[in-house]
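Colleague: This is the structure I have questions about; it appears just below.
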Amino acid sequence: MNYQIEKLILAIAVNYFLTSCTTTTSENSTYKTSPTYKHSSRILISSNEAKSIGEKIWYNECGGTVEGLTSWNKGEYFASLGIGHFIWYHKKQQGPFEESFPKLVNYLALKGVKVPKFALNDHCPWETREEFIKSKGSAEMKKLRLLLYQTIPLQTEFILRRLENALPKMVAVISDKNRDRVISNFYTLAKTAKGKYALMDYINFKGEGTKKSERYKGKGWGMLQVLEEMNYPKKN
């Protein structure tokens, strides 16, 4: 029964991704980003796409509120910041998850964004969730939220860059015969705004699909499994 549910989830995901390949968005951008950002030789994202995709992620992950851009969940020992819940550890609270906020800050600085001095620190200034919550109205927290609100499109570009960098890890765990299909499906999706959003949204929801611990009876339904199962309708 569980396996049938997994197959249904995978089928729905594949259909969603195929649909995402055929549509684009045309919203006008009000954010200051580069007209077109090319983070590799294979993917282009316009400022309009970055704004539209970023706002969708913001509403899904942060409730579309400025306050939601800075959070620290119960039971966790790190701050989750921005639309991608970028992790920022205090120097006494290092953990197994990849710390991504310092990398985001470096990326923003490279793009010409004026970053508050305290945010350039490799370590989060708040040691505990309690300290973080007490600082809710502090000058530092206000500056941090403003930074994250004003750079939503750039955060989208950063997420997409990290996503593509994960592709080699995904294809490394599958057979040679499936690698070309996975790579082709990935970049076909990345050609459209909705395809880019689908890639970023799904990998955030179900993961890369490379860990055996995330599978049930040897079957997975992560990003890798969706890319393996995708078959485009033949043209008449």
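In this text, residue positions in the sequence shown follow this note's numbering: the first is 1, and each later residue adds one.
Quick reminder that beta carbons are idealized off the backbone N, C-alpha and C, glycines included.
1) Is it the case that the Cβ atoms of G82 and I159 are separated by a distance below 7 Å?
2) Between A166 and the rest of its own chain, which residues show a CB-CB distance below 7 Å, the 5 nearest in sequence each way excluded?
3) How is A79 classed by DSSP in three states: helix, strand or coil?
4) Under a three-way DSSP split, which group does F101 fall into?
5) Run through DSSP, which three-state label would S184 get?
6) I need the boundaries of the alpha helix (DSSP H) containing W58, first residue and last residue.
7) What residue does the alpha helix (DSSP H) around F132 start on, and which one ends it?
8) Measuring straight from C-alpha to C-alpha, what distance separates W244 and S135?
9) Among K217, K212, T156, V226, which one has its Cα closest to the Cα of S184?
10) Which partner residues of T70 appear in the DSSP bridge assignment?
11) For K114, which residues does DSSP report across the bridge?
12) Given this structure, state the Cα-to-Cα distance separating M141 from W58, to the nearest angstrom.
13) Is I53 near Y197, with beta carbons less than 7 Å apart?
14) Measuring straight from C-alpha to C-alpha, what distance separates G195 and F86?
15) Pairing CB atoms from the stretch 102–113 with CB atoms from the stretch 172–183, are three or more of them under 8 Å?
16) Am I right that M223 and M170 are in contact with their C-beta atoms under 8 Å? What's the rounded C-beta distance?
17) What whole-angstrom Cβ distance do T65 and L108 have, given they're in contact under 8 Å?
18) DSSP on K177, reduced to helix/strand/coil?
Modeller: Once the coordinates are examined:
1) On the sequence shown, position 82 is the one that residue 82 refers to. On the sequence shown, position 159 is the one that residue 159 refers to. With respect to the 7 Å criterion, G82 and I159 are not classified as neighbours on the basis of their beta carbons.
2) Translated into positions along the sequence shown, residue 166 becomes position 166. Within its own chain, the residues whose Cβ lies closer than 7 Å to the Cβ of A166, once the five positions on either side in sequence are excluded, are E208, listed in chain order.
3) For this step, residue 79 is matched to residue 79 along the sequence shown. In the structure shown, A79 sits in a strand (DSSP, three-state: E or B).
4) Within the sequence shown, the letter at position 101 stands for residue 101. If DSSP states are grouped into helix, strand and coil, F101 belongs with the helices.
5) In the sequence shown, the residue the question calls residue 184 occupies position 184. It is helical.
6) Within the sequence shown, residue 58 is the residue found at index 58, counting from 1. For W58, the enclosing alpha helix (DSSP H) has its first and last residue at 47–62.
7) Position 132 of the sequence shown, counting from 1, holds the residue named residue 132. Its alpha helix (DSSP H) spans residues 129–134.
8) Beyond the ends of the chain as shown, which are 1 and 236, falls residue 244; an answer cannot be given.
9) Position 184 of the sequence shown holds residue 184. Measuring from the Cα of S184, the nearest candidate turns out to be V226.
10) On the sequence shown, residue 70 is found 70 positions in, with the first residue counted as 1. Paired residue(s): L81.
11) In the sequence shown, the residue the question calls residue 114 occupies position 114. DSSP, once it has assigned bridges, lists no residue as partnering K114.
12) Taking the first residue of the sequence shown as 1, we reach residue 141 at position 141. Taking the first residue of the sequence shown as 1, we reach residue 58 at position 58. Here the alpha carbon of M141 sits roughly 18 Å from the alpha carbon of W58.
13) For the purposes of this step, residue 53 is taken as residue 53 along the sequence shown, with counting starting at 1. For the purposes of this step, residue 197 is taken as residue 197 along the sequence shown, with counting starting at 1. Result yes, Cβ atoms of I53 and Y197 sit closer than 7 Å.
14) Position 195 of the sequence shown, counted from the first residue, corresponds to residue 195. Position 86 of the sequence shown, counted from the first residue, corresponds to residue 86. Straight-line spacing of the CA atoms in G195 and F86 works out to 22 Å.
15) Too few Cβ pairs lie closer than 8 Å, so no.
16) Taking the sequence shown and counting its residues from 1, the one referred to as residue 223 is at position 223. Taking the sequence shown and counting its residues from 1, the one referred to as residue 170 is at position 170. Rounded to whole angstroms, the Cβ separation of M223 and M170 is 7 Å, and the two are in contact under 8 Å.
17) Here residue 65 corresponds to residue number 65 of the sequence shown, with the count starting at 1. Here residue 108 corresponds to residue number 108 of the sequence shown, with the count starting at 1. Between L108 and T65 the Cβ distance is about 21 Å, and since that is not below 8 Å, they are no contact.
18) Start at 1 with the first residue of the sequence shown, and residue 177 comes out as number 177. DSSP places K177 within a helical segment (H, G or I) once states are collapsed to three.
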